[in-house]
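**Q** The sequence shown runs 1 to 131 under full-length UniProt numbering. Glycine residues also receive a C-beta, built at the ideal position from the N, C-alpha and C atoms. Predicted model only: the values in this text are computed from it and were never measured.
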Amino acid sequence: MDKYSLKDYYLWKLQGDKVYVLDINGDIAGVEDLIEGDNYILVDMLARNKLVNAEKVGSRLLEFAEEYAKIKGKVFVIVEALDTASGFYKKLGYKEVSKRYDKEWGMLTVMAKEVVTNKNNNELLLQAIHK
1 MDKYSLKDYY
11 LWKLQGDKVY
21 VLDINGDIAG
31 VEDLIEGDNY
41 ILVDMLARNK
51 LVNAEKVGSR
61 LLEFAEEYAK
71 IKGKVFVIVE
81 ALDTASGFYK
91 KLGYKEVSKR
101 YDKEWGMLTV
111 MAKEVVTNKN
121 NNELLLQAIH
131 K
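1) Please report the Cβ distance between residue 46 and residue 35, rounded to the nearest whole angstrom; I am assuming they are in contact, meaning their Cβ atoms lie under 8 Å.
2) Between which two residues does the beta strand (DSSP E) holding residue 96 run?
3) Going straight from the alpha carbon of residue 39 to that of residue 18, what length do you get?
4) Out of 115, 50, 32 and 110, point me to the one whose CA is closest to residue 74's CA.
5) Would you mind sorting residue 89 into buried or exposed? The rule is 16 or more other CB atoms within 10 Å of its CB.
6) Quick one: Cα of residue 111 to Cα of residue 25, how far?
7) Starting from residue 57, trace the alpha helix (DSSP H) in both directions and tell me its first and last residue.
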């Protein structure tokens, strides 16, 4: 969370992104920025507030994103993970799909998790990551 300011979160909200906050006893424990695609939800940003003593903040935020995706009729939740975080996502059932370079963050691992099983999911996933 230390890379961005509160102003950044408000600007994302104004752009139409869905920004969700995990509140624990009145403190912001974590925040995620969700972008809705045709058949997926992209977790564009997931951050934990290290100043708040809380467990499983990232897992709880991802669980919310997955439930939100189901409610919205989406097939996948997609994340773009730094190398240091890809193990965390794998433990939660996310699978590596591809890699891409971002000028701000460097090499990212694109990972996806199916939230609705469908025989056409592989084709839909390829469409989603190539947009």
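**A** Here's the rundown:
1) Locating residue 46 in the sequence shown gives position 46, where the first residue counts as 1. Locating residue 35 in the sequence shown gives position 35, where the first residue counts as 1. Contact flag wrong, Cβ pair sits at about 12 Å.
2) Taking the sequence shown and counting its residues from 1, one reaches residue 96 at position 96. Counted as a single uninterrupted DSSP element, the beta strand (DSSP E) harbouring residue 96 occupies residues 95-102.
3) Counting from one through the sequence shown, the residue named residue 39 turns up at place 39. Counting from one through the sequence shown, the residue named residue 18 turns up at place 18. Rounded to the nearest angstrom, the two C-alpha atoms are 16 Å apart.
4) Start at 1 with the first residue of the sequence shown, and residue 74 comes out as number 74. Comparing Cα positions, the closest option is 115.
5) For this step, residue 89 is matched to residue 89 along the sequence shown. Classification of residue 89: buried, given that the 10 Å Cβ count is 16 or more.
6) By one-based count along the sequence shown, residue 111 stands at place 111. By one-based count along the sequence shown, residue 25 stands at place 25. When rounded, the distance between both Cα atoms is 32 Å.
7) Residue 57 sits at position 57 when you count from the first residue of the sequence shown. In the DSSP assignment, residue 57 falls within the unbroken alpha helix (DSSP H) covering 57-71.
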